[in-house]
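K.L.:
Sharing a structure, written as structure tokens. Questions coming.
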Amino acid sequence: MADVVVSKTNLFSSCHHHHQHISVFPKTWNQSSLSFSSKTDFHGKRIGLQQLRRPLPSARDPPQFQAINSQLQAPGFRIGKAHRWWEKGIQPNMKEVTSAQDLVDSLSNAGDKLVVLDFFSPGCGGCKALHPKICQFADMNPDVQFLQVNYEEHKSMCYSLNVHVLPFFRFYRGAHGRVCSFSCTNATIKKFKDALAKHKPERCSLGPTKGLEEKELLALSANKDLKFTYTPKQVEFVPAKASEEMIVAAPSRSNSESLPLPSTTLKSGQISEERNMVSAGR
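Start counting the sequence shown at 1; every next residue gets the next number (the UniProt record's numbering).
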């Protein structure tokens with residue numbers, strides 16, 4: 001064990017000399033590794049601790065310390081970053097959503113491509129168990145876009161989208177917008193397979209890409225926690241042509257309300273006159 005050298009003279013003289021330093025360190029360490037500054041009186045007062053520095057390797061250090069010091073001094077030494085479970089197995093067609101604007105833009109720019117929204121939480125055991133399966137589906141379907149939404153980081157946005165159950169999925173396709181939504185786990189993974197097989201076939205949808213529904217866009221823009229603005233689409237009023245305004249449809253009549261035919265009956269006086277003429281032989 002390395003000896004610790006403490007100068008008694010310096011310890012007591014620090015009470016009178018404010019600019020002297022007290023150094024406590026092993027003999028084999030560099031003196032700049034650890035030092036105390038006694039700029040104030042030592043009795044009951046605070047002692048400033050200077051910044052610690054890595055001790056320089058010495059030949060008198062034990063072999064295990066020399067090996068550690070040599071590794072720390074190596075220029076390429078660094079501690080590796082551990083991947084989080086939702087970052088493992090990520091495919092090129094998988095992307096994590098960063099904001100509400102990013103979500104809206106990703107859906108709008110997808111065109112006729114099928115888009116799968118994957119809502120997950122880092123603390124959700126079902127999400128963690130299902131993640132490898134989702135990565136396999138993404139690998140087998142490179143033409144499908146998978147968007148991951150971290151519930152913990154975008155909790156306010158998920159509330160606006162009425163997502164309260166995890167893991168949760170929503171499928172979007174072109175002008176049709178949202179085609180289905182459901183929650184599933186490893187036990188009910190058949191839901192995901194069936195939805196993927198049903199909505200994946202190539203087809204051309206007429207009209208622009210819909211993405212989120214109008215009420216969802218309004219809910220996101222009304223959320224004060226989100227930096228998202230949306231202007232509702234105004235329906236233009238097209239006036240009718242003058243020729244169309246002049247046409248008035250005639251009311252339909254039932255059989256009972258049909259127009260009366262011209263009457264062929266005679267009045268009572270004419271009937272009596274004809275009878276008299278017949279009886280007279282005219």
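A virtual CB, placed ideally from N, CA and C, is assigned to each residue, including glycine. Just so you know, these numbers come straight off a predicted model, no measurement behind them.
#1: Check each candidate in 183, 156, 111, 100 and name the one with the smallest Cα separation from residue 118.
#2: Determine the extent of the alpha helix (DSSP H) in which residue 137 is found, giving its start and end residues.
#3: Relative to the alpha-carbon of residue 85, which residue among 131, 106, 213 has its alpha-carbon at the smallest distance?
#4: Compare the C-alpha of residue 93 against each of 112, 147, 129, 102 and name the closest.
#5: I'd like to know if the region 216-235 and the region 157-171 are in contact, where contact means that at least 3 CB-CB pairs between them fall below 8 Å.
#6: Evaluate residue 167 with the Cβ neighbour count: other Cβ atoms within 10 Å of its Cβ, from every protein chain shown; 16 or more gives buried, anything less gives exposed.
#7: Name the two residues that bound the continuous beta strand (DSSP E) containing residue 145.
#8: Which same chain residues end up closer than 6 Å to residue 142 when comparing Cβ atoms and leaving out the 5 residues on each side of it in sequence?
#9: Assuming residue 213 and residue 177 make a contact with CB atoms under 8 Å, what is their CB distance in whole Å?
#10: According to the neighbour-count rule (16 or more other Cβ atoms, all chains shown, within 10 Å of its Cβ), is residue 154 buried or exposed?
#11: Given this structure, state the Cα-to-Cα distance separating residue 104 from residue 90, to the nearest angstrom.
#12: Where residue 99 and residue 149 are concerned, what is the direct C-alpha to C-alpha distance, given to the nearest angstrom?
#13: Using a Cβ-Cβ cutoff of less than 7 Å, which residues in the same chain neighbour residue 139 once the five nearest sequence positions on both sides are dropped?
#14: If you follow the beta strand (DSSP E) that residue 117 is part of, which residue opens it and which one closes it?
#15: Cα-Cα, which of 129, 216, 109, 231 is closest to residue 188?
#16: Among 227, 199, 234, 218, which one has its Cα closest to the Cα of residue 114?
#17: Out of 232, 106, 186, 185, point me to the one whose CA is closest to residue 217's CA.
#18: On a CA-only basis, which of 87, 109, 172 is nearest residue 195? Give me that one, please.
#19: Just curious, the beta strand (DSSP E) that residue 172 is in, first and last residue?
#20: For residue 195, name the three-state secondary structure that DSSP assigns.
#21: Can you tell me whether DSSP reads residue 215 as helix, strand or coil?
#22: Going by C-alpha to C-alpha distance, which of 111, 107, 116 sits closest to residue 284?
#23: For residue 206 and residue 107, I'd like the C-alpha separation in whole angstroms.
P.N.:
Looking at the coordinates:
#1: 183
#2: 125-140
#3: 131
#4: 147
#5: yes
#6: buried
#7: 145-150
#8: 93
#9: 6 Å
#10: buried
#11: 22 Å
#12: 9 Å
#13: 91
#14: 114-120
#15: 129
#16: 199
#17: 232
#18: 172
#19: 168-173
#20: helix
#21: helix
#22: A query on residue 284 cannot be resolved here, the shown segment of the chain reaching from 1 to 282 and no further.
#23: 16 Å
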